[in-house]
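S.K.: The sequence shown begins at -18 in our numbering and counts up one residue at a time.
Where a beta carbon is used, it is the ideal one built from N, C-alpha and C, also for glycine.
Only a predicted model underlies this, so the values are computations on that prediction, with no experimental measurement involved.
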Amino acid sequence: MAGICWFGQTHQSVYRRSILGSIHGVKCCSGTVNDGNKKTNKKTATPRFLKFAVSGVTELLRLFSSFDKGRLDRVSYKQKDEILVSSIDDIVTILRSDYENAYFVTGIFTSEIYAEDCIFEDPTIRFRGTELYSRNLRLLVPFFEYPSIGLQHIEKGFNSERNFVLATWKLRTYLKLPWKPLIFIDGSTVYELNDEFKITQHAESWNVSALEAVGQIFTPGDRN
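1. If you run the structure through DSSP and keep just helix, strand and coil, what is Pro128?
2. Using a Cβ-Cβ cutoff of less than 7 Å, which residues in the same chain neighbour Tyr84 once the five nearest sequence positions on both sides are dropped?
3. Ends of the alpha helix (DSSP H) at Gly196?
4. May I ask which residues mark the beginning and end of the beta strand (DSSP E) holding Val122?
5. Pick helix, strand or coil for Ile259, following the three-state DSSP scheme.
6. Among all the DSSP beta bridges, which residues are the ones paired with Asp83?
7. What's the gap between the Cα of Leu113 and the Cα of Asp203?
8. Please look up how many angstroms separate the CB atoms of Pro162 and Thr200, rounded, as I've assumed it's under 8 Å.
9. Taking the CB atoms as reference points, tell me whether Asn144 and Ile69 lie closer together than 8 Å.
10. With a threshold of 6 Å on Cβ separation, who are the neighbours of Ile198 within its own chain once the five nearest residues in sequence on each side are excluded?
11. Give the straight-line distance between the Cα atoms of Val189 and Val66, rounded to the nearest whole angstrom.
12. Given that a residue counts as buried once 16 or more other Cβ atoms are within 10 Å of its Cβ, and exposed if not, what is Trp187?
13. Using DSSP bridges, identify the partner residues of Leu76.
14. How big is the Cα-Cα spacing for Phe108 and Ile100?
15. When the Cα atoms are used, what is the spatial distance from Ala184 to Glu126?
16. Taking DSSP as the reference, what is the three-state secondary structure of Glu177?
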């Protein structure tokens, strides 16, 4: 979701525990593999060509949108007064509100709780800058059709180096492309915080590989 890509429920509690178990480095992995009673975290590097492809598609969408600025102007954004944050519990409350606003698919999120140079990453792309993330969301939102994202669980945590918030979610949306592809992903996001309770890293993990996620874009959906 940080770039161009974006769920049937697997064993959600197992999935969540596996993510918690890999947070020491707060790195994204491309998916979790369940094999009977065996549970393994499968980390695979995203192929370089796939990252180039994602960046290329994003730029094509940006070019297409520049010819139809009305699409972007129709995306609404949340305007808030100054945000006062004094604890990780405040961050959890704000993030829960942002999920209620379905920020992945509406672009409505509380940018004030993010550091300006926050790192955003998912299995297909990685970049720095909250303003760039906001622009990317604004670019993508007009292409969603019947989108939904459901927050499954959110919790705070910490390790020897940092505080963080972990959220697990389900995303489902069609895309406004001629073949009406359906995007469905189970995912989690780790929000890493600094000492001032600003989010410095927004790192997504998915239950599908980066290649599978991109493949969903090019698979015809079941809508006419």
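M.R.: Let me spell this out:
1. Taking the first residue of the sequence shown as position 1, residue 128 is located at position 147. Here Pro128 sits in strand by DSSP.
2. Counting from one through the sequence shown, the residue named residue 84 turns up at place 103. Within the same chain, Tyr84 has close Cβ partners Phe90.
3. Here residue 196 is taken as the residue at index 215 of the sequence shown, counted from 1. Note, Gly196: alpha helix (DSSP H), 191 to 198.
4. Translated into the one-based positions of the sequence shown, residue 122 becomes position 141. Run containing Val122: none; DSSP gives neither H nor E here.
5. It is not possible to answer for residue 259, since the shown part of the chain is limited to -18 through 205.
6. Translated into the one-based positions of the sequence shown, residue 83 becomes position 102. At residue 83 the sequence reads Ala, which differs from the Asp that was named. For Ala83, which the question treats as bridged, DSSP gives no partner whatsoever.
7. Locating residue 113 in the sequence shown gives position 132, counting from the first residue. Locating residue 203 in the sequence shown gives position 222, counting from the first residue. Rounded to the nearest angstrom, the two C-alpha atoms are 33 Å apart.
8. Residue 162 sits at position 181 when you count from the first residue of the sequence shown. Residue 200 sits at position 219 when you count from the first residue of the sequence shown. That pair is a contact at about 5 Å.
9. Numbered from its first residue, the sequence shown carries residue 144 at position 163. Numbered from its first residue, the sequence shown carries residue 69 at position 88. Closer than 8 Å, so yes.
10. Mapped onto the sequence shown, residue 198 falls at position 217. Around Ile198: Pro162.
11. Locating residue 189 in the sequence shown gives position 208, where the first residue counts as 1. Locating residue 66 in the sequence shown gives position 85, where the first residue counts as 1. Their Cα atoms are separated by approximately 34 Å.
12. Within the sequence shown, the letter at position 206 stands for residue 187. When all chains shown are included, Trp187 counts as buried.
13. Looking up residue 76 in the sequence shown gives position 95. Leu76 pairs with nothing; no bridge assigned.
14. For the purposes of this step, residue 108 is taken as the residue at position 127 of the sequence shown. For the purposes of this step, residue 100 is taken as the residue at position 119 of the sequence shown. In a straight line, the C-alpha of Phe108 is about 6 Å away from that of Ile100.
15. To locate residue 184, count along the sequence shown from 1; it is residue 203. To locate residue 126, count along the sequence shown from 1; it is residue 145. Using only the alpha carbons, I get a separation of about 25 Å.
16. Taking the first residue of the sequence shown as position 1, residue 177 is located at position 196. Coil.
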